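So the numbering used here is basically just the index in the sequence shown, starting at one, shifted up by 2.
The beta-carbon is built from N, C-alpha and C at its ideal position, and this holds for glycine as well.
Since we're looking at a predicted model, the values are computed, not measured.
In what follows, a structure is listed as structure tokens, so that the remarks can point back to it.
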Amino acid sequence: MREGLKIFKIGGGIIDDEAQLGHFLTELARIPGRKILVHGGGKGASQMLQNLGIEPQMVQGRRITNAPTLDIVTMFYAGKTNKQVVALLQAAGVDALGLSGADGNAIRAVKRPVKDIDYGFVGDLPDGSVNTELLGQLLQAGITPVFCAITHDGLGQLLNTNADTIASTLACALAVQYKVELHFCFEKDGVLSDTNDEHSVIPQIVPAQYQQLKAEGVIAAGMVPKLDNAFAALEAGVERVVIENALKINESVKTVLCRS
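Right, dumping it as structure tokens:
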């Protein structure tokens with residue numbers, strides 16, 4: 003019988019707010035069992051780029067990563083942010099280990115090919131990119147891996163990779179060994195039926211219902227790629243996907259995505 007594993011992804015404003023980040027990590031520490039945390043980078047890297055006279059470039063929420071930008075995001079994501087998160091988890095009683103994809107060859111990416119847009123040093127994750135043996139050993143030892151959004155190509159090149167993609171890829175790869183729950187944690191209480199009503203959380207969504215909500219325009223804009231990836235993860239063997247408020251992960255209000 004497969005053991006349970008919960009994978010949490012945080013990003014956005016939660017990373018930039020010290021008090022909120024501390025609250026989330028304290029709540030995360032209360033959740034029993036095996037866990038993995040994936041975090042984005044917040045706004046710190048963009049601010050440093052601007053301070054150095056380098057204008058951040060984003061296309062549809064994805065960062066264009068040239069060589070100077072890669073240096074900065076690596077320092078922030080794999081350095082300052084990752085180690086601060088690990089330190090706060092240790093303080094909350096969680097034995098955490100900060101990782102990039104390069105550490106232990108944990109996640110190997112391929113540089114995104116140039117098509118209409120040259121994203122620079124951005125990594126995509128093919129099948130077989132996750133070192134499930136390493137992660138299984140860490141989890142069995144009671145360690146909580148904490149991943150930043152930096153991967154590598156196995157040839158010495160670091161790559162900037164979307165944190166949502168990392169979380170989904172980890173969940174799908176580890177679903178062979180574990181009963182995986184994938185949690186996307188952000189500023190809202192879940193998926194809303196009315197974007198103007200913060201209380202209109204949809205408690206559960208199944209695939210047929212999701213297609214109807216998209217067709218009706220209830221779910222649109224930035225939420226669509228997140229939910230597309232979530233349902234793809236369910237098809238790949240993930241038990242369920244949860245969309246929830248990062249500050250309320252131990253409360254009942256949330257949206258649960260399931261196969262049926």
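Check: For R32, the three-state DSSP class (helix, strand or coil); Outcome: helix
Check: Length-filtered (3 minimum) beta strand (DSSP E) runs lying within the segment 17-91; Outcome: 36-41
Check: K85 classed as buried or exposed, judged by whether at least 16 other C-beta atoms fall within 10 angstroms; Outcome: exposed
Check: Buried versus exposed call for G103 [16 or more other C-beta atoms within 10 Å across all chains shown]; Outcome: buried
Check: C-beta atoms of L51 and L141 nearer than 8 angstroms; Outcome: no
Check: Inter-stretch contact at 8 angstroms, needing at least 3 Cβ pairs: the segment 151-162 / the segment 110-120; Outcome: yes
Check: Sub-8 angstroms separation of G44 and T76 beta-carbons; Outcome: no
Check: Bridge partners - T153, DSSP secondary structure assignment; Outcome: L161
Check: Start and end residues, beta strand (DSSP E) containing Y180; Outcome: Y180 to F188
Check: Secondary structure of N231, DSSP reduced to three states; Outcome: helix
Check: Close-in-space but distant-in-sequence residues of the same chain around V255 (CB under 8 angstroms, 5 per side omitted); Outcome: D191, G192, V203, E246 and N247
Check: E5 (DSSP reduced to helix, strand or coil); Outcome: strand
Check: L176 versus T134 - alpha carbon distance; Outcome: 6 angstroms
Check: Contact set for L194: own chain, Cβ-Cβ below 8 angstroms, skip 5 residues either direction; Outcome: E200, S202, V203 and I204
Check: Residue from V87, G100, T67 and L259 whose Cα sits closest to the Cα of G145; Outcome: Note on residue identity: the sequence assigns Ile, not Gly, to residue 145. For the residues V87, G100, T67 and L259, the minimum Cα distance to I145 belongs to G100.
Check: Contacting residues, own chain, Cβ-Cβ under 6 angstroms from G13 (five flanking each side not counted); Outcome: G42 and A165
Check: Closest residue to S131 among E241, V124 and L172 (Cα-Cα distance); Outcome: L172
Check: Integer Cβ distance of V96 from L184, believed to fall under 8 angstroms; Outcome: So it is not a contact: roughly 19 angstroms between Cβ atoms.
Check: Whole-angstrom distance between D196 and A169, CA atom to CA atom; Outcome: 27 angstroms
Check: Distance between G156 and T71 (C-alpha atoms, nearest Å); Outcome: 20 angstroms
Check: Distance, A47 Cα to G125 Cα; Outcome: 18 angstroms
Check: C-alpha gap between K216 and P227, whole angstroms; Outcome: 11 angstroms
Check: The alpha helix (DSSP H) enclosing F135, as first and last residue numbers; Outcome: Residue identity differs from the one stated: residue 135 is Glu in this sequence, not Phe. Unbroken alpha helix (DSSP H) run through E135: T134 to Q142.
Check: Residue range of the beta strand (DSSP E) that includes L101; Outcome: A98 to L101
Check: Burial state of I119, where buried means 16 or more other Cβ atoms lie within 10 Å; Outcome: exposed
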